[in-house]
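In the numbering used here, the protein residues as written are 45 to 758.
Cβ atoms here follow ideal geometry from the backbone N, Cα and C, with glycine treated the same way.
Keep in mind the model is a prediction, meaning the values are calculated, not measured.
Some notes on the structure that comes next.
Here's what the structure looks like:
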């Protein structure tokens, strides 16, 4: 398969959802609003996603081991800057990571589209929803296929826009309105850092903003090549190149917003106000994945200091969010905080140098988290939109296929495995085990770089302990929902299995949640950047090469520390929650645990803190600025305006009474004189002759007098 054919396949897969969006908006919107006509538009979007997925699979299978395909399209003139052409480039960059993520994104989007047919049944805005989903998919594929920071940033903002539209889709209700604005605002904070980092690199790299990939990683026509030409090595940047660390942290701030990392994490749980299909795709294959993808793409540019910052943010997020998930009672919020924690694993992995396994976990997480959200959506839909788990119980008897899918995805996220039993060269395990093992292996190596004593140990023990916590809160959610006795008979009596389109999507996702670990995704991603791996393995702070190697030895080192986590944690959760809340309610009444429970249930008070520090202060500043604008700025403007009005009144009066008065006076005088003289015009000929004679005589007299005076003076 030629490079051009692969490029055409990727571009076709990318642009197909955009075409679908335009056709649904321009063509299908002219149809009626009946359920059948809404479904026609929805099934058309599914056909579009089938085409996009087929093109992605064809490109994936035909890519092989070839070099990356980079096709910069000159777009924005930047004078003498740019990549040597005087233009800032956009266009596709295709490597192993690109084709792998294209398959993942299009597959999950296809399944979410299919799931939405059943979930959005009866919604009068289904057609618009499916159009937004098409635009969302197009935007994410634009990020994955970008060859430059400019290309990535354009579609980065489009993802933010479409997430705003989808989270606030049910805008008739107040909570979705607030949730979409919160998501948009928090992401704008992160994007300010993105723009800062972008600007620094644009200037320092002389306008070259091409992303480094494969053989370009050590030079060539890319940002890293531009740095190398100046003798700058990100692994050893030197004291004078502190700006490179600042640029890396700035770009990562954009990732903190999109991937909801501490402290910009509070928007993601509130995003549950959107329809569940939105949650399933946002939390798996699109928006939150964008931040991890960005961090992975700029990985060769990151200095050891920037990587330490990234690893620390990931560690804080994965611990903090997992503990909050333990006490949540809303099933979707449990999964939301689970997403935060799993994203923390990925960010920690990148910071520790486990480039391959962070991306590996991105893919495995996409499958089992999308499955979990779809199962929760089925439960909520069948339970008449009730989301509180205290009202669930025993649902497995009424929804067996949904329960099976949820259970398999729970095993996957918990990292269930039997490390000492092998299937070929690999242990018997679910997909989450393989990717988490590599991250923990990398964090173990990274902690040794930081030192065996002190805070360095937090980077390995944090993810190990949270592996137990993850298995606990996910088993808790499964037990409270599907096992035990029904706690609300009214909901239970009206319960039944979800529609076929929803169940089919769940089962396909559950299949990948189980078997994705055996598909060699780690080795596929490993082929993406051998040059990156070589560079990273040589430096302090970059433990990538070793973690890649160590991560394959699943029964050694840190793997054994959490290999049995799922058994222990799941067992404890079953004992505590199989009777419902009877046991845990008594435990929580203990004074110390009551305070901890309150603290966790209220999410460490971040929302309240932000309300005080940001919202309240922001409102106060807004009022102050408003008052300054009203009484100072507007006051000056009004003073000038009123002064002008007074002057205009005075000038108008002078003009009217003096200038116009003079003009009118002359006119009136002329009119009066004319009136007087007109009386002499009586029409009597004798009078005219007499008057003429008198005038002649007067003239003669005047002449004589004048001559006399002239002679007298002489």
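Which residues in the same chain have their Cβ closer than 6 Å to the Cβ of residue i, if we skip the five residues on either side of it in sequence?
i: residue 311; result: 226, 227 and 230
i: residue 99; result: 53, 56 and 57
i: residue 104; result: 143 and 147
i: residue 240; result: 294
i: residue 747; result: none
i: residue 162; result: 543, 545 and 546
i: residue 214; result: 220
i: residue 196; result: 187 and 190
i: residue 193; result: 242 and 253
i: residue 455; result: 474
i: residue 422; result: 446, 542 and 546
Below 8 Å on the Cβ atoms is my contact criterion, and I expect residue i with residue j to pass it. Report the Cβ-Cβ distance as a whole number of Å.
i: residue 457; j: residue 482; result: Not a contact, Cβ separation roughly 16 Å.
i: residue 474; j: residue 461; result: 7 Å
i: residue 771; j: residue 413; result: Limits of the chain in this structure are 45 at one end and 758 at the other, which puts residue 771 out of reach.
i: residue 295; j: residue 340; result: No, residue 295 and residue 340 are not in contact; Cβ-Cβ is about 12 Å, not under 8 Å.
i: residue 382; j: residue 518; result: 7 Å
i: residue 298; j: residue 251; result: That belief does not hold up - the Cβ atoms of residue 298 and residue 251 are roughly 20 Å apart, past 8 Å.
i: residue 644; j: residue 367; result: 6 Å
i: residue 610; j: residue 459; result: 6 Å
i: residue 379; j: residue 343; result: About 28 Å separates the two Cβ atoms, so there is no contact after all.
i: residue 392; j: residue 365; result: No, residue 392 and residue 365 are not in contact; Cβ-Cβ is about 12 Å, not under 8 Å.
i: residue 453; j: residue 557; result: 5 Å
Relative to the alpha-carbon of residue i, which residue among the options has its alpha-carbon at the smallest distance?
i: residue 209; options: 237, 518, 524 and 323; result: 323
i: residue 170; options: 101, 83 and 636; result: 83
i: residue 190; options: 255, 550, 247 and 425; result: 255
i: residue 559; options: 96, 409 and 508; result: 409
i: residue 184; options: 202, 236, 515 and 305; result: 202
i: residue 221; options: 520, 318, 453 and 66; result: 318
i: residue 278; options: 330, 348 and 248; result: 348
i: residue 85; options: 501, 702, 165 and 320; result: 165
i: residue 97; options: 113, 528, 499 and 60; result: 60
i: residue 178; options: 739, 430 and 330; result: 330
i: residue 212; options: 640, 751, 313 and 224; result: 224
i: residue 106; options: 133, 138 and 114; result: 138
So what's residue i in DSSP terms, helix, strand or just coil?
i: residue 329; result: coil
i: residue 60; result: helix
i: residue 430; result: coil
i: residue 279; result: coil
i: residue 318; result: coil
i: residue 437; result: coil
i: residue 748; result: helix
i: residue 679; result: helix
i: residue 243; result: helix
i: residue 252; result: coil
i: residue 740; result: helix
i: residue 583; result: Confidence at residue 583 is low in this model, with a pLDDT of 38, below 50, so its placement is unreliable and no value can be given for it.
i: residue 472; result: strand
i: residue 542; result: coil
i: residue 118; result: strand
i: residue 573; result: Since pLDDT at residue 573 reaches only 43, below the 50 mark, its modelled position is unreliable, and the value read off the structure follows with that caveat. Here residue 573 sits in coil by DSSP.
i: residue 718; result: helix
i: residue 588; result: The predicted position of residue 588 is uncertain, since its pLDDT is 43 and thus under 50; a value taken from the coordinates is nonetheless stated next. Looking at residue 588 - three-state DSSP - the assignment turns out to be helix.
Near residue i, which residues of its chain fall below 7 Å by C-beta distance, leaving aside the five closest residues on each side in sequence?
i: residue 587; result: With a pLDDT of only 44 at residue 587, under the threshold of 50, the placement of this residue in the model should not be trusted, and no figure is reported.
i: residue 495; result: none
i: residue 688; result: none
i: residue 308; result: 230, 233, 234, 300 and 301
i: residue 530; result: 437, 438 and 536
On the DSSP letters alone, give me the boundaries of the alpha helix (DSSP H) that residue i sits inside.
i: residue 136; result: Element bounds for residue 136: n/a, residue is neither H nor E.
i: residue 658; result: Looking at the DSSP string, residue 658 is not in any alpha helix (DSSP H), and its letter there is neither H nor E.
i: residue 205; result: 193 to 211
i: residue 111; result: Where residue 111 is concerned, there is no enclosing alpha helix (DSSP H), given that its DSSP letter is neither H nor E.
i: residue 372; result: Residue 372 -> no alpha helix (DSSP H), and no H or E assigned at all.
i: residue 292; result: 286 to 302
i: residue 444; result: 444 to 458
i: residue 140; result: 140 to 163
i: residue 170; result: 170 to 189
i: residue 703; result: Counting along the chain, residue 703 falls outside any alpha helix (DSSP H), and DSSP gives it neither H nor E.
i: residue 269; result: 267 to 273
i: residue 644; result: 635 to 645
i: residue 537; result: 533 to 537
Only counting the same chain, and skipping five residues up and downstream in sequence, which positions put a Cβ closer than 8 Å to that of residue i?
i: residue 741; result: none
i: residue 332; result: 302, 303, 304, 312, 326, 383 and 387
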